[in-house]
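Asks:
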Amino acid sequence: MVKTICDLDWDPSEDKVTLSITSVEEGWNSKDLRGWKTDLRVSTPLEGTAEEFKMLSCKSLIYLYGDKSSYICNPTTGEFRTLAMLNQRNDGIGFGFDATENHFKLVLLHLTENLTWCNIFTLGTNSWSSAKNDDPTVPRFNGKAYSPTTIGESIYWITTPVMNVLCFIVERRRFEVIRYHSTVSKERLREKNMHFSLGEI
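Count the sequence shown with full-length UniProt numbering and you get residues 1 to 201, in order.
1) Kindly indicate which residue of F121, F53, N142, T116 has the alpha-carbon position closest to the one of E176.
2) Determine the direct distance from the alpha carbon of Y180 to that of C58, and round the result to whole angstroms.
3) Mind reading off the beta-carbon distance from F104 to L61? Whole number of angstroms is fine, and I expect it under 8 Å.
4) Is T116 helix, strand or coil by DSSP?
5) Please confirm whether T82 and Y65 have their CB atoms less than 7 Å apart.
6) Confirm, please, whether the CB-CB distance from L56 to F95 is below 7 Å.
7) Between which two residues does the beta strand (DSSP E) containing A99 stretch?
8) May I ask which residues mark the beginning and end of the beta strand (DSSP E) holding residue 203?
9) Between the alpha carbons of L109 and N164, how many angstroms are there, rounded?
10) Pull up the CB-CB distance for G78 and W157, whole angstroms please, since I reckon it's below 8 Å.
11) For S70, does the three-state DSSP call read helix, strand or coil?
12) Can you tell me whether T100 is buried or exposed? The criterion is at least 16 other CB atoms within 10 Å of its CB, across all chains shown.
13) Rounded to the nearest angstrom, how far is the Cβ of S154 from that of I178, given a contact under 8 Å?
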């Protein structure tokens, strides 16, 4: 699991934006006076501001995405790659790993009253594919999916307005659902100052 903080700083003298990533994850960390933390800096021209980017992680890679641009970052090597073609409409996004193909994959989720499906972008081959749900126990509705969490070979989301935990098993390209049996609107979440998230224990 990852807890990552990112900051974007612009240096007007060099006209560069520096992405500072502080990560707390096994495998990247080095013991120092600050504890188990590592500051990683990558300099590359970036579009947008820090507030526009959301961050997902899977194993050793970080995916940053905003309204205009998206990036894959490898903190170990310092490599930074633009993935602007991924900025298409979706109802949720996830970042996982397919061990059978040895590839990282970005999953763009689509929730409609007729079908639950996803577009899958495979890093390494730069190829698109799709997967449709064929499990009748997975509910179909117009909605959104939030708080993507990758655990093992699966990506989990919390869905609204029908609140369930939706799972996509990356290797098997299969959907599953953990039912919560509740309906919640964005307005109610704001009213009650409620926030839901997923994590691994």
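Glycine included, every Cβ here is placed at the ideal spot set by N, Cα and C.
Replies: So, from the listed chains and residues:
1) T116
2) 26 Å
3) 6 Å
4) strand
5) no
6) yes
7) Per DSSP, A99 belongs to no beta strand (DSSP E) and is neither H nor E.
8) For residue 203 there is no data in the structure shown, the boundaries of the chain being 1 and 201.
9) 15 Å
10) 30 Å between Cβ atoms; not a contact.
11) strand
12) exposed
13) 11 Å between Cβ atoms; not a contact.
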